[in-house]
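Q: Here you go, one structure.
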Amino acid sequence: MNHQKARKIADMLAAVGEPTRMLILHRLAEKPYHVGLLAEAVGVPMVNISHHLGVMRQAGLLEDDKEGRRVIYSLSKDIYTPGGEPGVIGTFRIGSFVMTLVRSSGGAGMDGTADPASKPGGGTKAKGSRKKSG
């Protein structure tokens, strides 16, 4: 790994290393959102969500598409793969780091409270790992 690649990975990790951005990541793992619905789902004012989305987009974590006057945000296909094995919502790969979102058995959201937007069968939790390079 060279310095430039290390900087890009560090920028991506920094962009998700903030609680509101982790909640945004969690919601976008479910489905694409426009800013207004995402702000409502996360429980943060729209102006704050817009700022966080900008940081995440600049870091290369998000894709955005225009739908009329709305901008629809989704996770970048370069770093996120939905599903996989049973119980897995999706997997994030940022450089040599891997984070897997799995369904929890408690039916709670990431903050431990009941999550009305979660699908039947429970909420989610993140399970992280680091790939060994050799």
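Numbered per the UniProt record's numbering, the sequence shown spans residues 1 to 134. Virtual Cβ for every residue (Gly too), placed ideally from N, Cα, C. Being a predicted model, the structure only gives us computed values, none of them experimental.
(1) Do the region 89-104 and the region 12-30 touch if we need at least three Cβ pairs shorter than 8 Å?
(2) Taking the alpha carbon of A41 as the reference point, which residue from T20, L61 and I89 has its own alpha carbon closest?
(3) Relative to the C-alpha of L88, which candidate in G68, E30 and H3 has its C-alpha closest?
(4) Around the Cβ of G90, are there at least 16 other Cβ atoms within 10 angstroms (buried) or fewer (exposed)?
(5) S50 lies in the beta strand (DSSP E); which residues open and close that run?
(6) On the three-state DSSP scale, how would you describe I9?
(7) Starting from G36, follow the alpha helix (DSSP H) in both directions and report where the run begins and ends.
(8) Helix, strand or coil: how does DSSP classify M1 here?
(9) Work out the CA separation of E63 and R57 for me, nearest whole Å.
(10) Can you tell me where the alpha helix (DSSP H) with I24 in it begins and where it stops?
(11) Under a three-way DSSP split, which group does G112 fall into?
(12) Sorted by chain position, which residues of the same chain lie with C-beta nearer than 7 Å to P32's C-beta, five sequence neighbours on each side aside?
(13) Report the residue from V16, H51 and N2 whose alpha carbon sits nearest the alpha carbon of I94.
(14) Since M1 contacts L61 with CB under 8 Å, what's their CB separation in whole angstroms?
A: On the basis of the supplied data:
(1) Contact check between the region 89-104 and the region 12-30: three or more CB pairs, one atom from each, fall below 8 Å, which counts as touching.
(2) In the sequence shown, the residue the question calls residue 41 occupies position 41. Taking only the C-alpha atoms, the option nearest A41 is T20.
(3) By 1-based counting over the sequence shown, the position of residue 88 is 88. In the sequence under discussion, the amino acid at residue 88 is Val, which differs from the Leu named in the question. Cα-wise, what sits closest to V88 is E30.
(4) On the sequence shown, position 90 is the one that residue 90 refers to. Flag for G90 reads buried.
(5) In the sequence shown, residue 50 corresponds to position 50, counting from 1. Careful: S50 lies outside any beta strand (DSSP E), inside the alpha helix (DSSP H) at M46 to Q58.
(6) Against the sequence shown, residue 9 aligns to sequence position 9. Correct three-state label for I9: helix.
(7) Taking the first residue of the sequence shown as position 1, residue 36 is located at position 36. Run containing G36: V35 to V42, per the alpha helix (DSSP H) assignment.
(8) The count along the sequence shown starts at 1 and reaches residue 1 at position 1. The three-state secondary structure of M1, taken from DSSP, is coil.
(9) As a first step, residue 57 must be located in the sequence shown, where it is residue number 57. As a first step, residue 63 must be located in the sequence shown, where it is residue number 63. About 7 Å.
(10) As a working mapping, residue 24 is identified with position 24 in the sequence shown. In this chain, the alpha helix (DSSP H) harbouring I24 covers P19 to E30.
(11) Stepping through the sequence shown from its first residue, residue 112 is reached at position 112. Note on G112: pLDDT 39, under 50, position unreliable in the model; the coordinate value appears next. Here G112 sits in coil by DSSP.
(12) Taking the sequence shown and counting its residues from 1, one reaches residue 32 at position 32. Excluding positions up to five away in sequence, the list reads I72, Y73 and S74.
(13) To locate residue 94, count along the sequence shown from 1; it is residue 94. Distance check between I94 and each of V16, H51 and N2 places V16 closest, using alpha-carbon atoms only.
(14) In the sequence shown, counting from the first residue as 1, residue 1 sits at position 1. In the sequence shown, counting from the first residue as 1, residue 61 sits at position 61. Contact doesn't hold; Cβ gap of about 19 Å is too wide.
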